[in-house]
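Everything below concerns the one structure shown next.
Residue numbers (the numbering used here): 279 to 448.
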């Protein structure tokens with residue numbers, strides 16, 4: 279998918295979800311999960327290095343984003359948004375119905391984790407698309423956090439939301 283199309287898709291989705299600055303990655307994931315009809319579970323995990331920093335695994339009941347526990351909050355947010363990028367770009371995950379990391383995450387299967395962990399470079403088109411989605415969202419968040427007025431309440435919020443369409447989601 280072309281970057282221009284990814285930008286349009288991200289803008290449309292973020293407007294539909296009414297995501298306001300400052301960006302709350304957990305809230306964004308919750309709303310995307312609600313829209314998709316299954317939750318997105320964020321799991322901090324000490325992923326061995328070298329290797330990937332995160333992985334997205336879909337199951338019948340939930341989407342799981344495992345991300346590197348041993349890094350900064352800003353890096354964790356980027357990792358989560360990258361994995362969310364796979365989902366938003368329409369990529370497929372290794373869908374399984376049961377067990378991961380036997381006992382710790384019973385909805386995911388260890389083979390699914392191993393397959394997903396093979397996605398470790400930006401060489402593939404899917405990895406570049408996922409990284410582009412993460413970058414688009416982070417760019418939006420950093421710009422709007424600087425220029426957007428703080429959220430109002432009541433009628434002022436409705437007016438602000440109407441005007442924000444002209445400003446938001448670059």
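Quick reminder that beta carbons are idealized off the backbone N, C-alpha and C, glycines included.
Check: Could you name each continuous alpha helix (DSSP H) segment of 4 residues or more that falls completely within the segment 279-348, going from the start of the chain to the end?; Outcome: 281-294 and 303-314
Check: Grab me the residues of residue 332's own chain with a C-beta within less than 8 Å of its C-beta, minus the 5 sequence neighbours each way, in chain order.; Outcome: 325, 343, 344, 345, 346, 357, 358, 360 and 361
Check: Using 8 Å for Cβ pairs, my map puts residue 288 next to residue 411. What's the rounded Cβ distance?; Outcome: 6 Å
Check: Once DSSP output is grouped into helix, strand and coil, what is the label at residue 350?; Outcome: coil
Check: Report yes if the C-beta distance between residue 417 and residue 284 is below 8 Å; otherwise report no.; Outcome: no
Check: Please state if the CB of residue 340 and the CB of residue 316 are separated by a distance shorter than 8 Å.; Outcome: yes
Check: Measure the Cβ-Cβ separation of residue 321 and residue 311 and say whether it is below 8 Å.; Outcome: no
Check: From residue 402 to residue 296, what distance separates their C-alpha atoms?; Outcome: 31 Å
Check: I'd like to check one pair, residue 363 with residue 409: are the Cβ atoms closer than 8 Å?; Outcome: yes
Check: Out of 280, 405, 404 and 323, which one is the CA nearest neighbour of residue 354?; Outcome: 323
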